[in-house]
Amino acid sequence: MNHATPQLSKGERTARRILDAAEALVSARGYRATTVREIARAAGIQEPGLYNHFKSKEALFSAMLDRALQPLATAIDQQLQATPAFEKLPGQIGGLLALHPNIPILFQQALMAPHDNPGHELVIVWLKRLMEKGLELLPTNSGSSDTRILHLIAMFNIASGYFTANTLIEALLEKSTLNSDLLAQQRSLADELAAFLLQRKIP
Numbered sequence: 212m213n214h215a216t217p218q219l220s221k222g223e224r225t226a227r228r229i230l231d232a233a234e235a236l237v238s239a240r241g242y243r244a245t246t247v248r249e250i251a252r253a254a255g256i257q258e259p260g261l262y263n264h265f266k267s268k269e270a271l272f273s274a275m276l277d278r279a280l281q282p283l284a285t286a287i288d289q290q291l292q293a294t295p296a297f298e299k300l301p302g303q304i305g306g307l308l309a310l311h312p313n314i315p316i317l318f319q320q321a322l323m324a325p326h327d328n329p330g331h332e333l334v335i336v337w338l339k340r341l342m343e344k345g346l347e348l349l350p351t352n353s354g355s356s357d358t359r360i361l362h363l364i365a366m367f368n369i370a371s372g373y374f375t376a377n378t379l380i381e382a383l384l385e386k387s388t389l390n391s392d393l394l395a396q397q398r399s400l401a402d403e404l405a406a407f408l409l410q411r412k413i414p
């Protein structure tokens, strides 16, 4: 049976354009340096029209994060409901991040931003949520609490670091990080590294 993709309403299409524009601009310039007017212009609408969809800049940023990161939380939940295979998670997360490759750059910016930056706070809330979910997947014999968290952060960096290294990858390989062959290789490598981190014992 052929299931047609539901048609988006005009409002939904406009909201998607706004989120796409915000993701590109904020990842390039940072949360504070990007204005609502610039986002509206990039989305092809007037600034007042943007507020019909998002009541504030912070609400827009929050919606942008939700759109990209909720699928990651869902993927972890699905792993928890099935037979947990934590070593497969970095590759899976990398595949989901490929749909929003600017989001890892936002992670990096927010983690380095002053703590009073609203963008920083929103990203930290999301990252803590994802990390807490991820800890539930780690094998119980994978070390102390500190070690488990460091394992989780290392695996998160495997998945997200590929996209933050976009400029280097383009310089060395002359290919985009969204190249399908590179994405497949990165996913396989992420799974291998995750399995190595969990099993390797250093004397």
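Its first residue numbered 212, the sequence shown is counted upward by one per residue in my numbering.
Where a beta carbon is used, it is the ideal one built from N, C-alpha and C, also for glycine.
With a 10 Å radius around its C-beta and 16 neighbouring C-beta atoms as the bar for buried, classify residue i as buried or exposed.
i: residue 361; result: exposed
i: residue 388; result: buried
i: residue 318; result: buried
i: residue 325; result: exposed
i: residue 333; result: buried
State the Cα-Cα distance for the pair residue i and residue j, rounded to the nearest angstrom.
i: residue 412; j: residue 272; result: Here the model assigns residue 412 a pLDDT of 49, short of 50, so the residue's position is not dependable, and the following value carries that caveat. Taking the straight line joining both Cα atoms gives about 41 Å.
i: residue 380; j: residue 285; result: 29 Å
i: residue 346; j: residue 367; result: 12 Å
In chain order, what residues of the same chain have a beta carbon less than 7 Å from the beta carbon of residue i, not counting five sequence neighbours either side?
i: residue 390; result: none
i: residue 226; result: 264
i: residue 308; result: 314, 315, 370, 371 and 374
Within its chain, find whatever has a CB closer than 8 Å to the CB of residue i; leave out the 5 residues flanking it on each side and keep chain order.
i: residue 328; result: 242, 243 and 321
i: residue 402; result: 298, 299, 301 and 302
i: residue 260; result: 225 and 251
i: residue 394; result: 305, 306, 309 and 388
Under three-state DSSP, which class holds residue i?
i: residue 349; result: coil
i: residue 229; result: helix
i: residue 312; result: coil
i: residue 258; result: helix
i: residue 381; result: helix
i: residue 224; result: helix
i: residue 407; result: helix
i: residue 368; result: helix
i: residue 245; result: coil
i: residue 400; result: helix
i: residue 339; result: helix
i: residue 218; result: coil
i: residue 277; result: helix
i: residue 389; result: coil
Cutting at 6 Å between CB atoms, please list the residues of its own chain near residue i, excluding the five before and the five after it.
i: residue 237; result: 245
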